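Residue numbers (the working numbering), protein chains in the order written: chain D, 5 to 340; chain S, 5 to 340; chain E, 3 to 234; chain F, 3 to 234; chain Z, 7 to 293.
What follows is a single structure, written as structure tokens, with notes after it.
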Amino acid sequence: MNAGTSALALHYLRVRRAGRDVLDVPHIEVDVGETLAVLGPNGAGKSTLLLAAALLLPADGEVTIFGEMARRGVHVRLRRQTATVFQDAALLDMTVRQNVEIALAMHGVGGPERRTRAEEWLGRLGVAHLARQRGHAVSGGEAQRVSLARAFAVRPRLLFLDEPFAGVDHATRATLTGELRALLAAEGTAALFATHDHSEALLLAPRVVLLDAGRPLQVGPATDVLARPESDRAARFLGFSVLGPASCTLLGLRPVDGVTRAAIAPEAARLDAGGVLATVRRVEAGAGAGRLLVELASGDSIAIARPVETLRDASLAAGREVRVAVDEARVVWLAR
Amino acid sequence: MNAGTSALALHYLRVRRAGRDVLDVPHIEVDVGETLAVLGPNGAGKSTLLLAAALLLPADGEVTIFGEMARRGVHVRLRRQTATVFQDAALLDMTVRQNVEIALAMHGVGGPERRTRAEEWLGRLGVAHLARQRGHAVSGGEAQRVSLARAFAVRPRLLFLDEPFAGVDHATRATLTGELRALLAAEGTAALFATHDHSEALLLAPRVVLLDAGRPLQVGPATDVLARPESDRAARFLGFSVLGPASCTLLGLRPVDGVTRAAIAPEAARLDAGGVLATVRRVEAGAGAGRLLVELASGDSIAIARPVETLRDASLAAGREVRVAVDEARVVWLAR
Amino acid sequence: MDLLLDALREAVRLLRTGDGDVYSITLRTALITSVSTFVAALVGLPLGLGIALGRFPGQRALLAMANAGTGLPPVVAGLLVAVLLWRSGPLGALGLIYTPWAMVIAQALIATPLVVSFAAAGVMALPPALHLQIRAMGAGSAQYLWLVAREARLALLVAVMAGFGGVVSEVGAAMMVGGNLAGETRVLTTAAVLEVNRGNFGTALALGLILLLFVIGVSAVLTTAQARVRRR
Amino acid sequence: MDLLLDALREAVRLLRTGDGDVYSITLRTALITSVSTFVAALVGLPLGLGIALGRFPGQRALLAMANAGTGLPPVVAGLLVAVLLWRSGPLGALGLIYTPWAMVIAQALIATPLVVSFAAAGVMALPPALHLQIRAMGAGSAQYLWLVAREARLALLVAVMAGFGGVVSEVGAAMMVGGNLAGETRVLTTAAVLEVNRGNFGTALALGLILLLFVIGVSAVLTTAQARVRRR
Amino acid sequence: GGDTAPGAGPAATTTAAATTPTPTPTAPKPARPEVILATTTSTQDSGLLDVLVPAFQKATGYQVKVIAVGSGAAMQMGERGDADVLLVHSPAAEEKFVADGFGVERTLVMHNDFVVIGPAADPAGLKGSKTVAEVMKKIADKKATFVSRGDNSGTDVLEKNLWKGTNLTAPKGQSWYLETGQGMGATLTVAREKQAYTVTDRATFLAFTGKSDLPILLEGDPALLNVYHVIVPNPARLPKTNTEGGRAFKAFLVSADAQRMIGDFGKGKYGSPLFFADAGKPEPVAR
Ligand SMILES: Nc1ncnc2c1ncn2[C@@H]1O[C@H](COP(=O)(O)OP(=O)(O)OP(=O)(O)O)[C@@H](O)[C@H]1O
Ligand SMILES: Nc1ncnc2c1ncn2[C@@H]1O[C@H](COP(=O)(O)OP(=O)(O)OP(=O)(O)O)[C@@H](O)[C@H]1O
Ligand SMILES: [Mg+2]
Ligand SMILES: [Mg+2]
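Structure, rendered in structure tokens:
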């Protein structure tokens, strides 16, 4: 590990909570200026990972921030190089502007500049009009935005972002992701970024780590990991349908090298008059996309991407028979 | 208003908070078995609307639930026909299962059935393994799921859902939206559903109301409202780019009936070698989609949908020159 | 300083030999203070909850009274109860003066405002969202109160301990309405005062130490509960 | 019952005429209890915060001591301080016994555990996420303590009021170390006890009422702060 | 004059100071002005000290700190050197105090007397009895409720002696024998409420007149004499004490002025004095 290029290095990081190992990470590293996205199902340990890395949760193992290993006495100094946006943005019981100013004060920013910088960032996050409102009297998304303003305003070298856009409305979210990306690049800020949104991960992070049950499941370039899961669990979490040998045969998919399980992205499946017969189970939606869940004769289910506008069509009602085809080129074969 | 068909009717509902009118709704009605989605930017008043409708926040005006007007003394009885999932799921300081059971107890469900029903619903929401964990010791998304289990378990006739899937991972979210839709249909449950996700609104709600600054901006069928905003504000909130006359001319768009402002969905714009010259401002992402924000010579910006995988391409770096075209058939002309 | 050592030795001696009725006095102290604390909790906890949660006229006045009542001098409380219970008083016929019951009444009068004030403060400190959650589940008034109390249980325990601490240490009311009658209404505090008056400061301190032992035992319940919550 | 009316009338008379030095006694009461409460707050608030927040050996023992100390009988506290301050005691040379300073010391000893215990309980009741938020902002120890204290300010006010209530109403320590000297260490409670001993129950009650008036005035600060928070 | 009513409230201090004729101050400001007087509750509760102390302070410039406790506690303070002068009424204990070398210059100041009071109905039939021995025997025989202070005060010691005088076993522990462990005032209140017999000093009893409905059933027996002495702690044994101040107060108590004030105290309010000045008289023998 090179002190000059590593913003954050975690070694054999373990957290026990309520008697369970909720985090067990052999090694994760974030380079200076790099953004690493953390994806994983609910309860995977994303928040735990961020808190432990931000030195906010006692953990076994080593946390190294810009080359300096965290140990008693240096925590505050190390934390001042970072800023954290929590999943549940909790503002202090003071005005919104003071909430930002207080963080600036801790980073040694002088009085007059505190105020201008606080107002600047509240403005950039579209909550300048709330500056004099009390921190407890804002809406969920507003609190999230103030929390982002607070984190950005201190100009940290390393950012911990825990689903920071979860409660933010879509128009603002798009703007914010765009600004965040520009900002991180301009300031050379590193970030560890927990999210459930693949598009955000793809935009912001060159690399992602998939976390599951506290352990890294897959690490790599964002486009690779999201498009090519390496295990059943990863595939299912990423929204792929996992098919066994019977289904593969049914769909005419020829496995490579004796591997028999196929992961199929919803976009790789389509309704096709020439396809295999299947029964509609239900329609699903989320994250801007629609999916039709159908069951094959083999018993496996397969999700098919559908335009959201068609989701309420009566032709897709549960129990209907449809014909399904899969784009063989886009099938991901699972070794495990 | 017909008592037999109306699940929820709000009349001249007003809420003041910290000296501001944060909600001012002349009339909103949800039919028995119907789902109405509430969309709106952060701070629009969605949560306030739900809380006031659920009789949890003092408000001026009338709230009628299944034909019975809320007034002193009947609140508890009316509330027992409803269930609410809050934006910030707060569990009580008892085990997860007890959190569900206690709600069932309030709805008069007997001891042994309480337990089976609680376990059934925790299972359906994928958090059965947490049944014995304390309510304060679960992750954000887990708490959200328990909160959903608690709401569904009581089999309400009217559901208030405040961004219930915001912290839920995508795979689960897809499953849950699908199940929720089936459930609402099967049980004839009505719902008032605040969300930021258009796909969820389109899947679950035949009708949506756009809320802005506490006031309904536009109400109608989900596909209409989301595809055809009627005002600048609605258009911008829904992710449309709003262009003035100069830009329209530049792009060769001919306004209908002297109206001069065009709202353009990101999907209606594309990069096109034969298009108009524009400068890349930045890339954005969110809700599963990517967008390229470019600036026209006229000064207006326009967002163009892009596949998420391409968002980090160097060719889209800020400052680059691109050529843009708009699909005239998909332009929405704004009267105001 | 020697006095402190003497007192310690004397405390051990008293506890070993049971001299000076120290066991029966301690038992009586335990009984009387438990009953007064219990009564105060029974009255004070619902009142404190009600004041913190309800919206009714006079609520603020009640809170103000309870807050002020935490400074009610025991001797004044004792005098008030004595005036009622004396033979010449309106309740004189009950013959309660100089009985443990009189002490219970006076001490409950002292402890109740303490319980009310601290219970109300504790309940007001709960997160506002909690109340909405509980109401949203369809809680009736009783269920609502019960669940809020359950969430505030540590604060309510603190409130009850405040009441207990107030009565176990007070002497003015116990003297005034109990009369410090040997074998009947003599408790550890009044016995200690007696020893002070007798000039037996060592014995007085010894009795104080025994009282503290008792209080430590009782308050360990609170400390343990707090430690458990803190560990999470 | 007549006694109560008499007492009321007497209280009014005392306040109108200023007889019996009632104003100077009230002023002295205010001064002594404020200083003791201030000292107790100065010592107790940081201790309470530290116990609630820190992780150090002996923390639980300290909490247990503070919790138990809320039941420390004033007369025992008074005796302890007296033993130190008597001429024959180790600090006798300071000549503090039977001065207001002695009362301040004894009362601070009584109030400090109250402040510590209630401050700790109040801080422990803060939402756990708050601590993370503050630390995440890069707070040093002092900034952390300050911000936590700021968030818990109402609970800390309650704790200080508990200390104040404890000393303003107590009489054992004030008598023991102050000596109830007219014009020097006589405060409202000790004056009331003197009147009780003299059989002037009406005057005693009147003094008690005046004390209550004073306490109501002081505790109004708390009630007002609570009402403001509640309105949100 | 010295007719300030006992129990006139804290006002006594100021009014008394204003109206007491003061001897011309001759002494210069004392080197150690603070004098701690340990005394019994009866001198304080009756209001006598509210008259004497200001006069002394005015005359001499000393500051007296009156610590009113039981005689037992007062002598404890004396033994430790925490008092500069004692005014007490527990002769046997006083003699032991002096004999043990803790006190010097024990001087007679005043006396009043104890009385036996009880319910008007007089269930034990004390009325008409001539001696206190007779009275105590009747109470014991009838097992009539009797309230004792039980606090080692002068009064308490005397009362305990009265039982011994009748050759009865000590009544402690008998169900009819209540020990309050409190001062005289509180004990009078208990006796009133319990409609019980008790022994009280006349000063406190008179101060409580109107608040106690128990009549005097026996008085005048020489055995009921209540004698107050002033004692100065032994400076050789207790060097830290303010002997000078203690002696000054002693001298004041036996001065003609103070003796007159003592003799006049309470006359106006109760028609009879509460104390009888005794300075210079021989030690009373009957006890
Ligand atoms: N305070 C706590 N005490 C004990 N266990 C906890 C606590 N908080 C979380 N957990 C458990 O730790 C595990 C990891 O939680 P964590 O909050 O890190 O998950 P997450 O990946 O952030 O999930 P989400 O997507 O829901 O935010 C979960 O199984 C959860 O139940
Ligand atoms: N407790 C409060 N006191 C005063 N004002 C409040 C309070 N809570 C919210 N507000 C204000 O009320 C308005 C509406 O808030 P509300 O929570 O209803 O918004 P929302 O539409 O749910 O937003 P979001 O998408 O962020 O959840 C906002 O402007 C907010 O600042
Ligand atoms: Mg999380
Ligand atoms: Mg909201």
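For every residue, glycine included, the Cβ atom is placed at its ideal position computed from N, Cα and C.
As the structure is a computational prediction, the values presented were derived from the model and not from experiment.
{"Check": "Bridge partners of S10/S, per DSSP?", "Outcome": "D35/S"}
{"Check": "Any idea what DSSP makes of Q148/D, helix, strand or coil?", "Outcome": "helix"}
{"Check": "What alpha helix (DSSP H) runs, 4 residues minimum, are completely inside the stretch 79 to 123 of chain S?", "Outcome": "79 to 83 and 100 to 110"}
{"Check": "Would you verify that the beta carbon of L196/D is, or is not, closer than 8 angstroms to some beta carbon of chain F?", "Outcome": "no"}
{"Check": "So is M163/F in contact with chain E if we call contact Cβ pairs under 8 angstroms?", "Outcome": "yes"}
{"Check": "Cα separation between A321/D and S245/D?", "Outcome": "20 angstroms"}
{"Check": "Got a sec: which bits of the stretch 18 to 42 of chain D sit with their beta carbon under 8 angstroms from any beta carbon on chain S, in order along the chain?", "Outcome": "R21 and A22"}
{"Check": "Can L134/S be considered in contact with ligand 1, in the sense that its beta carbon sits closer than 7 angstroms to one or more heavy atoms?", "Outcome": "yes"}
{"Check": "Starting from the C-beta of L190/E, find all residues in its chain whose C-beta is less than 7 angstroms away, skip the five residues before and the five after it, and write them out in chain order.", "Outcome": "I27, T28, T31, L209, I212 and L213"}
{"Check": "Residues of chain S with a CB under 8 angstroms from the CB of G142/E: which are they?", "Outcome": "V80 and M110"}
{"Check": "Can you check whether the C-beta of Q228/E is within less than 8 angstroms of a C-beta belonging to chain S?", "Outcome": "no"}
{"Check": "Using a Cβ-Cβ cutoff of less than 7 angstroms, which residues in the same chain neighbour T225/F once the five nearest sequence positions on both sides are dropped?", "Outcome": "none"}
{"Check": "To the nearest angstrom, how far is it from the Cα of A95/F to the Cα of R89/F?", "Outcome": "6 angstroms"}
{"Check": "Straight-line CA distance for G2/F to I107/F?", "Outcome": "The requested residue 2/F is not part of the displayed model; chain F covers only 3 to 234."}
{"Check": "CA-CA distance, T20/Z and V41/Z?", "Outcome": "Any reading at T20/Z must be qualified, since the residue scores a pLDDT of 36, below 50, and its modelled position is unreliable; the value itself is stated next. The straight-line gap from Cα to Cα measures roughly 19 angstroms."}
{"Check": "So which residues touch the region around ligand 1, with touch meaning a C-beta under 5 angstroms from any heavy atom?", "Outcome": "R21/D, A22/D, V26/D, N46/D, G47/D, A48/D, G49/D, K50/D, S51/D, T52/D, A141/S, V142/S, S143/S, G144/S and G145/S"}
{"Check": "With a threshold of 8 angstroms between beta-carbons, can K71/Z be considered close to chain F, or not?", "Outcome": "yes"}
{"Check": "To the nearest angstrom, how far is it from the Cα of D157/Z to the Cα of L164/Z?", "Outcome": "11 angstroms"}
{"Check": "Tell me the DSSP secondary structure of D23/F in three-state form.", "Outcome": "helix"}
{"Check": "Which residues in chain E have a C-beta closer than 7 angstroms to the C-beta of N182/F? List them in chain order.", "Outcome": "Per Cβ cutoff of 7 angstroms: no residues; N182/F is ~13 angstroms from chain E at best."}
{"Check": "Should H64/D be flagged as near chain F, meaning a C-beta pair shorter than 8 angstroms?", "Outcome": "Reading off the sequence shown, one finds Asp at residue 64/D, where the question assumed His. Output row for D64/D: interface = no."}
{"Check": "Looking at the secondary structure, which residues open and close the alpha helix (DSSP H) in which K273/Z lies?", "Outcome": "K273 to Y276"}
{"Check": "Is V312/D close to chain S? Criterion is C-beta to C-beta, closer than 8 angstroms.", "Outcome": "yes"}
{"Check": "How big is the Cα-Cα spacing for G256/S and L297/S?", "Outcome": "19 angstroms"}
{"Check": "Should Q137/S be counted as a contact of ligand 3 given a C-beta to heavy atom distance under 7 angstroms?", "Outcome": "no"}
{"Check": "Do you know how far the Cα of L93/E is from the Cα of G71/S?", "Outcome": "56 angstroms"}
{"Check": "Once you ignore the five residues that flank A63/D on each side, which residues in its own chain have a CB closer than 6 angstroms to its CB?", "Outcome": "L17, V19 and A56"}
{"Check": "State buried or exposed for A18/Z, treating a residue as buried only when at least 16 other CB atoms are found within 10 Å of its CB.", "Outcome": "Residue confidence for A18/Z is low, a pLDDT of 37 falling below 50, so the modelled location carries little weight; the figure read from the coordinates is stated next. A18/Z is buried by the Cβ-count criterion."}
{"Check": "Since D97/D meets chain F, which of its residues come closer than 8 angstroms, beta carbon to beta carbon?", "Outcome": "R152 and E153"}
{"Check": "Any idea which residues DSSP pairs Y183/Z with across the strands?", "Outcome": "F152/Z"}
{"Check": "Report the partner residues of N232/Z according to the DSSP bridge assignment.", "Outcome": "N118/Z"}
{"Check": "Determine, using beta carbons only, whether V169/E and T35/E come nearer to each other than 8 angstroms.", "Outcome": "yes"}
{"Check": "Restricting to Cα atoms, I'd like to know which of L163/S, E299/S and G65/S is closest to R83/S.", "Outcome": "L163/S"}
{"Check": "By the three-class DSSP mapping on this structure, what secondary structure does G189/Z have?", "Outcome": "coil"}
{"Check": "Is the beta carbon of D166/D closer than 8 angstroms to that of G290/S?", "Outcome": "no"}
{"Check": "Is P91/D near ligand 3, judged by its Cβ being under 7 angstroms from some heavy atom?", "Outcome": "It should be pointed out that residue 91/D corresponds to Gln in this sequence rather than to Pro. Yes, the beta carbon of Q91/D sits closer than 7 angstroms to at least one heavy atom of ligand 3."}
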